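Everything below concerns the one structure shown next.
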Amino acid sequence: MIAAITYPFLQEYWWLIISLLGALLVFLMFVQGGQSLIYTIGKTETERTMLVNTLGRKWEFTFTTLVTFGGAFFASFPLFYATSFGGAYWVWIAILFSFILQAVSYEYRTKPANLLGSKTYEIFLIINGLMGTILIGTAVGTFFNGAQFSLNEYNQVTWQTSWRGLEAVLNLHNVALGLSVFFLARVLALLYFLNSIDDEAIVARSKKQIWYNALPFLVFFLYFIGRLLTMKGYSYNPDSMVVSVEKFKYFHNLIEMPAVLVLFLAGVVLVLWGICSDLFRKAGRGIWFSGLGTVMAVFSLFLLAGYNNTCYYPSAFEMQSSLNIRNSSSSEFTLRVMSYVSLLIPFVVAYIWYAWKSINNKKIDQSEMENESHTY
Amino acid sequence: MFESIDLSLVNWSRAQFALTAMYHWLFVPLTLGTTFIIAFMETIYVKTGNPEWKKMTKFWMTLFGINFAIGVATGLILEFEFGTNWSNYSWFVGDIFGAPLAIEGIMAFFMESTFIAVMFFGWNKVSPKFHLWSTWLVAIGSNLSALWILVANGWMQFPTGTHFNPDTARNEMTSFWEVLFSPVAMNKFLHTITSGFVLSSIFVIGVSAWFLLRKRETLLAKKSILVAAIFGIVSSVALMLTGDGSAKQVAKAQPMKLAAMEGLNHGKEGTGLILWGFLSSDKVDPDNEKLREFSMKIEVPKVLSFMAFSDWNAFVPGINDLLSGNKERGILSAQEKIDRGKIAIEKLTAYKEAKKAGNDSLTAELKDVLTRTDFQEQYFKYLGYGHIKDSNFLIPNVAVTFYSFHLMVMLGFLFMLIFILALWWVLKGSLEKQKWFLWVSLLTIPLAYLATELGWMVAEFGRQPWVIQDLMPTTTAVSKISTSSVQVTFCLFAVIFTTLLIAEVGIMVKQIKIGPKE
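These protein sequence lines map, in sequence, to chains A and B. Start counting the first sequence at 183; every next residue gets the next number (my numbering). Start counting the second sequence at 282; every next residue gets the next number (my numbering).
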């Protein structure tokens, strides 16, 4: 079947996979959101330990999804990898730095002789919670607002500012997406706490905090979407590959791809339904609605960025250097080979689901923290 | 074609990548091997129901977990540094290199990260069989992840299964199976993972020896030594066989590296293998003042010829043969390769200019030349040489490569001896009495780390100046960023990695002192 598929279809298929991985990554960043809430929700050492252990059993999923997102981008759209990572150096280094801190903090936090003390590792988790979400969201904002780069005839990048990517934080629209991701990650974390922890105080505080985080999320998200649908974008002619400016590009994309519109609207409704479900009905199931909604909404935003002849990484310096799924992808042969490998994804999702259910079959409580042989 | 960039930027970028890779490789080998040792122990526990084996499994699992986290952290940085610091390289080979990296994520990392949660937290939540499966899947997943990254590294040492596309100005994959089953990649994979198994076995034996010296946990220590010694012997045999395979591949694909590994300035038939030697600080080679001669060496006649080409009298080229050429042996001189590389670059530049100018007939003519098999074989094959200004730049650091290689091999034999003696005495039941041996075993732990780092130094120093053998020198692969930016991030990473290493060692030592929990 894959052997008969055309090159353009393969490019679109791989953008779909990248979009799905990006969407799953944003959902799984509830771990980061939760890390930023350790001291807000956990008032005692035991409560903080329960929170850290709840998140700690999932941190590797987020981490692995980030690694796979990077690897899949490298493999399917290597020109983006070379351009963005080699150009926006400081943004990516800052993101990576925060993830180094995260990776060790769970395991080292409560271990004796850990050199820096458990408080330091908790602060590391908070740093990752803040930087990881805001900076990744801001970096994804450049998929719409572009970056200052140019490419030569050998596809080598020259970054046109000495800020090396940090200039992205000067764009309010990028930052609005960063803050939307941050507050959404916190909301998802709170819903996850309600789903996974059996402790009255934590449940009460989590419910209260949902209000404080859902409202700013809505404000930043609505601003981001409002601006997105009214802004210009770069489109390319698929025959000549010439890039041109198109007013209301993303609005047009939404209208011209009704399936994406439905996906986006359904995703937003599900996110809100999950929040309301835990606030006004029985707490605990909201994470599944909001989680699914997050995946759907973010997935549709990635599709808006890359489909319908849109440049997904516009160059604000030299329009014709902008990247799209046609000019930045791997060869047909490589995409085809990887498409065979991608057939494993449903199998991977199935075993992740099974293992997740096996570990989460009972809520975490204080007695488990006292009796469990391996705790963070 | 590619602009050669400021050497200090290249050197700092190399230093940063080397720093990350060497820290990463401090943690990964233990992960690769201990997962299997833990899986063996848990299998015996599930089969026998003996709680001592469960206690043992959980103890080594705790040490594994501490080590695993920091390996993951450094691994993430390595993956993204291909983009941040080597962006020209990322585009030039992304079509080949990216695929194994993506497959690694989909096939291996998810397996590892999913089942590691079950392995640590599933003891009371899933059935013993499912738990055992999870432990085995962590072992398989972690070693599978090594497969894909080493396939990518193997391709850099021996590019195969690809062609150059002048339109995209990059290498593109033509055969996935050639890339995956390249003999260089396969040997590299097997040699690397078995070195991890050996290190892990030394680690388990060393820590267990400490328990025996302290007269603590003697049953756990002896059983652990039994498992690790058997695993170590099997792994050492595989390590030697794959090492031999690697030498043969290096002789074919990277003759300059082999010459540097042996400090061989002048090639000859029936070349001897140097067991050990010292490079003189003042005696220079009469044909090249950049090369030094040996002040002392112990050599076994003809063995290198046999190891490299399975023929006691085969000709092994030396560094001077590879620089000056040897018509009789069919070896092109470095200058000839440089000239051919320059022609390849000129044609490509002319093609790009013709295309830009809209000169369709010239574009078609040049494209025909560039894609012709004979042009690819005779000129494009030496593309990277077109950027080399001085042929001496093609000589890797001989001293580092030579000493690293010989020290690594000697340590490999020491480890084998330790495994055999440990097994012998543990089976005889007299291991506790061999105090000196227990101390040697304990003190060998850092040597195992040294040996595995030396292995990477041989591989990576020995292939300089190439990031991709013959096609791309490091000078053209680097991202165009300011040197000061890389200096700052180098210092940041150095501080954070070193701090976390100290923390890790502290935690590990403390956990060993605490010992297994009931």
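All C-beta atoms, glycine included, are put in the ideal place defined by N, C-alpha and C. None of these values were measured; they are calculated from a predicted model.
Pick from the options that is closest to residue i, judged by C-alpha positions
i: tyrosine 730 of chain B; options: B:Phe363, B:Pro754, B:Leu480 and B:Leu613; result: B:Leu480
i: lysine 429 of chain A; options: A:Trp197, A:Thr492, A:Gly311 and A:Tyr536; result: A:Thr492
i: glutamate 785 of chain B; options: A:Lys225, A:Glu289 and A:Gly347; result: A:Glu289
i: proline 310 of chain B; options: B:Gln715, B:Glu734 and B:Val565; result: B:Glu734
i: glycine 422 of chain B; options: B:Gly403, B:Lys410, B:Trp404 and B:Thr395; result: B:Thr395
i: isoleucine 669 of chain B; options: B:Leu752, B:Gly743 and B:Asn452; result: B:Leu752
i: serine 722 of chain B; options: B:Phe742, B:Met697 and B:Gln792; result: B:Met697
i: aspartate 547 of chain A; options: A:Met413, A:Leu376 and A:Ala498; result: A:Leu376
i: phenylalanine 656 of chain B; options: B:Leu471, B:Ala302, B:Glu627 and B:Trp737; result: B:Glu627
i: proline 260 of chain A; options: B:Gly364, B:His687 and B:Ser527; result: B:Gly364
i: glycine 215 of chain A; options: A:Ala448, A:Ser388 and A:Tyr489; result: A:Ser388
i: threonine 246 of chain A; options: B:Phe390, B:Lys791 and B:Thr770; result: B:Phe390
i: threonine 779 of chain B; options: B:Pro797, B:Ala354 and B:Glu323; result: B:Ala354
i: serine 482 of chain A; options: A:Arg409, A:Phe462 and A:Leu443; result: A:Leu443
i: leucine 413 of chain B; options: B:Met322, B:His472 and B:Phe484; result: B:Met322
i: leucine 352 of chain A; options: A:Gln330, A:Ile184, A:Phe212 and A:Phe267; result: A:Gln330
i: threonine 416 of chain B; options: B:Lys648, B:Phe345 and B:Ile483; result: B:Phe345
i: phenylalanine 457 of chain B; options: A:Val453, A:Phe281, A:Pro528 and A:Tyr522; result: A:Tyr522
Secondary structure of residue i, DSSP reduced to three states
i: serine 512 of chain A; result: coil
i: tryptophan 470 of chain A; result: helix
i: histidine 444 of chain B; result: strand
i: aspartate 602 of chain B; result: helix
i: glycine 311 of chain A; result: helix
i: lysine 583 of chain B; result: coil
i: valine 424 of chain A; result: coil
i: tryptophan 341 of chain A; result: strand
i: valine 249 of chain A; result: helix
i: isoleucine 379 of chain A; result: strand
i: glutamate 335 of chain A; result: coil
i: valine 234 of chain A; result: helix
i: alanine 595 of chain B; result: coil
i: lysine 240 of chain A; result: coil
i: tryptophan 197 of chain A; result: helix
i: leucine 554 of chain B; result: strand
i: valine 565 of chain B; result: strand
i: valine 479 of chain B; result: helix
Minimum Cβ-Cβ distance from residue i to chain B less than 7 Å
i: valine 477 of chain A; result: no
i: methionine 520 of chain A; result: yes
i: isoleucine 184 of chain A; result: no
i: phenylalanine 481 of chain A; result: no
i: asparagine 296 of chain A; result: yes
i: alanine 205 of chain A; result: no
i: isoleucine 469 of chain A; result: no
i: isoleucine 199 of chain A; result: no
i: alanine 257 of chain A; result: yes
Neighbour-count burial assignment, residue i, 16 or more Cβ in a 10 Å radius
i: valine 477 of chain A; result: buried
i: lysine 293 of chain A; result: buried
i: glycine 611 of chain B; result: exposed
i: tyrosine 221 of chain A; result: exposed
i: proline 225 of chain B; result: Residue coverage of chain B in this structure runs from 282 to 799, which leaves residue 225 of chain B outside it and unanswerable.
i: methionine 437 of chain B; result: buried
i: tryptophan 334 of chain B; result: buried
i: alanine 490 of chain B; result: buried
i: methionine 423 of chain A; result: exposed
i: lysine 633 of chain B; result: buried
i: leucine 539 of chain B; result: buried
i: arginine 463 of chain A; result: exposed
i: glutamate 617 of chain B; result: exposed
Short CB-CB distance (under 7 Å) between residue i and chain A
i: isoleucine 318 of chain B; result: no
i: methionine 454 of chain B; result: yes
i: glycine 346 of chain B; result: yes
i: glutamate 360 of chain B; result: yes
i: asparagine 369 of chain B; result: yes
i: alanine 389 of chain B; result: no
Residue(s) in a DSSP beta bridge with residue i
i: asparagine 607 of chain B; result: B:Ile612
i: methionine 577 of chain B; result: B:Phe559
i: glycine 415 of chain A; result: A:Glu428
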